[in-house]
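In the numbering used here, the protein residues as written are 8 to 483. Think of the CB as a built atom: it goes at the ideal place given N, C-alpha and C, for glycine as much as any other residue. Below: one structure, written as structure tokens.
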Amino acid sequence: MSQAEIGLIGLGVMGANLALNIAEKGHRIAVFNRTVETTRKFHADSGDLKSRIVPCETIEEFVAAIRPPRPIIIMIKAGEAVDQQMEALKPYLARGDIMIDAGNANFRDTMRRFGVLKDTGLTFIGMGVSGGEEGARHGPSIMVGGTEESYARVEEVLTSIAAKYDGEPCVAWLGENGAGHFVKTIHNGIEYADMQMIAEIYGILRDGLKMTAEEIGEVFGTWNRGRLNSYLIEITEKVLKATDPLTGNPMVDMILDKAGQKGTGKWSAIEAQTMGVPATGIEAAVAARSISSMKEEREAAERILGLPPVGEFQVADKAAFITDLENALLAAKIGAYAQGFSVMAAASKEFGWNLPMPTIARIWRAGCIIRSQFLDEITSAFTKAPDAANLIVTPAFAAMVKETDGALRRIVSAAVLGGLPVPALASALGYFDSYRRGRGTANVIQAQRDFFGAHGFDRIDGADSHHGPWGSGLNG
Ligand code: 6PG
8 MSQAEIGLIG LGVMGANLAL NIAEKGHRIA VFNRTVETTR KFHADSGDLK SRIVPCETIE
68 EFVAAIRPPR PIIIMIKAGE AVDQQMEALK PYLARGDIMI DAGNANFRDT MRRFGVLKDT
128 GLTFIGMGVS GGEEGARHGP SIMVGGTEES YARVEEVLTS IAAKYDGEPC VAWLGENGAG
188 HFVKTIHNGI EYADMQMIAE IYGILRDGLK MTAEEIGEVF GTWNRGRLNS YLIEITEKVL
248 KATDPLTGNP MVDMILDKAG QKGTGKWSAI EAQTMGVPAT GIEAAVAARS ISSMKEEREA
308 AERILGLPPV GEFQVADKAA FITDLENALL AAKIGAYAQG FSVMAAASKE FGWNLPMPTI
368 ARIWRAGCII RSQFLDEITS AFTKAPDAAN LIVTPAFAAM VKETDGALRR IVSAAVLGGL
428 PVPALASALG YFDSYRRGRG TANVIQAQRD FFGAHGFDRI DGADSHHGPW GSGLNG
């Protein structure tokens, strides 16, 4: 029997679905799981695809089943387990074999793993996979980091299993080393911002306009047929319209308002801060998840402080207000994506990756969680202006910002005056207002720094005098 084209370790939900996807596209795949029972059950349940799946019960048998140079996808919990798995595999592998970490790894771990394998003759790929369970099974978006040579070995398989947008596969080699996992991290950071902004808009509709979950679902459904068309808006309509089988209430009303997080959003914010790139939408979203998790503390604070004493939420024209909400969400989304792409541009320079921005937007158009029509517009903006300093100064997006930021300003104002928290929406407005203002206020900060620490400043007239007159009497 012919050898398998590829191997996969880790038959959890994501790994199992990815393996079935690979087999379905006509490739022979060897699979291995720590628990032999899981491997047996997976094979037994694989239906028509059974003949293309080689279930292996030992690592030795698994490695021998794959055609060299062997690409081996590792789809297990990110972190130490990956290092342990790599160590366990190493003795059985030969020169040129490729270990592919397809989990949500921190790109710094990925870079370290490249380092560990350097000079061993073995290769590594850090591969971001987005799209959840469904994506893994029927077409994810795949972000590859590693050598071009190792990508060439897996390109055919990955191209066949990736999601397609207008027939184009949503997979690409993005650069050496940690490039793929970095891009996946920023994808998730943007995903956090997108989700938080949607939740804030939901909050205005629920607590401001006092609409029911079903009614709000209708609003999102309408928006999904317009410029906001995207997977996250689509599923928001669905979750808002779902009924709890236990109580008959809207499902969403029965869910505790405490959000979980596994780390990728936080990593995006940390990396942005480390590189000095503003990513306020992602930061606000991560902070909002943290505040959400402090449920008991928030309830205690509400008992002490009460809700803001603002009276009834007033809206003169409900239909116009809902149109403003739609445009505000679009404007804020532009801000978050602009920030995410700026973080990637900075990382590309810092790590020497040469990240292809139009390609990244292109492979996010389908398969991944943030997939949308909007990403097609980003692809086109970056194709026309690959070196733009920021997405929002490209002609198409500058026009969109000018068209929608008035709505964002009105919505943020209404929410603030109505006592409703909109940290991510407000962060986008603050970002636009700061970024577009040629003369800011940091002259005062420079003066203060010089006053208390003699840190010096540059002058607007370029004169060769870098300290203020604070010492001459003003200081005391
Ligand atoms: C994806 C998702 C996926 C996962 C996140 C959720 O692109 O398919 O982003 O990676 O759902 O890890 O992350 P949190 O648990 O941190 O929300």
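Exercise. Would you say Cys177 touches the ligand 6PG, meaning its beta carbon is less than 7 Å from a heavy atom?
Worked result: Because no heavy atom of the ligand 6PG lies under 7 Å away, the Cβ of Cys177 does not count as near it: no.
For this session: Alpha carbon to alpha carbon, how far is Thr250 from Arg372? Give it in angstroms, no decimals.
Result: 30 Å
Exercise. So what does DSSP say about Leu247, is it helix, strand or coil?
Worked result: helix
For this session: For the stretch 148 to 159 and the stretch 388 to 404, state whether three or more C-beta atom pairs, one from each stretch, are separated by less than 8 Å.
Result: no
Problem set entry | Bounding residues of the beta strand (DSSP E) (the contiguous stretch that carries Met106) | 105 to 108
Exercise. Hey, how far is the Cα of Ile16 from the Cα of Val61?
Worked result: 12 Å
For this session: Could you tell me the boundaries of the beta strand (DSSP E) in which Val151 lies?
Result: 148 to 152
Exercise. Leaving out five residues before and five after Asp201 in sequence, what residues of the same chain have Cβ atoms less than 7 Å from its Cβ?
Worked result: Cβ neighbours of Asp201 within its own chain (closer than 7 Å, five residues either side excluded): Leu239, Lys340, Ala343, Ile377.
Exercise. Can you tell me whether DSSP reads Glu67 as helix, strand or coil?
Worked result: helix
Exercise. Quick one, are the C-beta atoms of Ala292 and Leu432 less than 8 Å apart?
Worked result: no
Exercise. Excluding the five sequence neighbours on either side, which residues of its own chain have a C-beta within less than 6 Å of the C-beta of Glu333, listed in chain order?
Worked result: Trp230
Exercise. By a C-beta neighbour count over all protein chains shown, 10 Å radius and 16 as the cutoff for buried, is Phe39 buried or exposed?
Worked result: It counts as buried.
Exercise. If you compare alpha carbons, which of Met261, Lys265, Ala220, Pro252 is closest to Lys245?
Worked result: Ala220
Exercise. Terminal residues of the continuous beta strand (DSSP E) containing Ser379?
Worked result: It is not in any beta strand (DSSP E) - Ser379 carries neither H nor E in the DSSP assignment.
Exercise. DSSP three-state call for Ser472: helix, strand or coil?
Worked result: Looking at Ser472 - three-state DSSP - the assignment turns out to be coil, as it is neither helix nor strand.
Problem set entry | Three-state secondary structure (DSSP) of Glu319 | coil
Exercise. Buried or exposed: where does Lys273 fall if 16 or more other Cβ atoms within 10 Å of its Cβ makes it buried?
Worked result: buried
For this session: With DSSP collapsed to three states, give me the class of Ala85.
Result: coil
For this session: Note the first and the last residue of the continuous alpha helix (DSSP H) segment covering Ser299.
Result: Element bounds for Ser299: 287 to 300.
Exercise. Does the count of Cβ pairs from the stretch 415 to 429 and the stretch 197 to 214 closer than 8 Å reach three?
Worked result: yes
Exercise. What residues match up with Trp180 in a beta bridge as DSSP calls it?
Worked result: Val151
Exercise. Where does Asn256 land, buried or exposed, given buried means 16+ other C-beta within 10 angstroms?
Worked result: Exposed is the call here.
Exercise. What is the residue span of the alpha helix (DSSP H) that Val408 lies within?
Worked result: 402 to 424
Exercise. Can you tell me the Cα-Cα spacing of Gln10 and Gly174, whole angstroms?
Worked result: 30 Å
Exercise. Rounded to a whole number of angstroms, what is the C-alpha to C-alpha distance between Leu25 and Arg102?
Worked result: Straight-line Cα distance between these residues: approximately 26 Å.
Exercise. Alpha helix (DSSP H) containing Gly228: first to last residue?
Worked result: 220 to 231
For this session: Measure the C-alpha to C-alpha separation of Ser275 and Ile205 and round it to an integer number of angstroms.
Result: Distance between the alpha carbons of Ser275 and Ile205: 19 Å.
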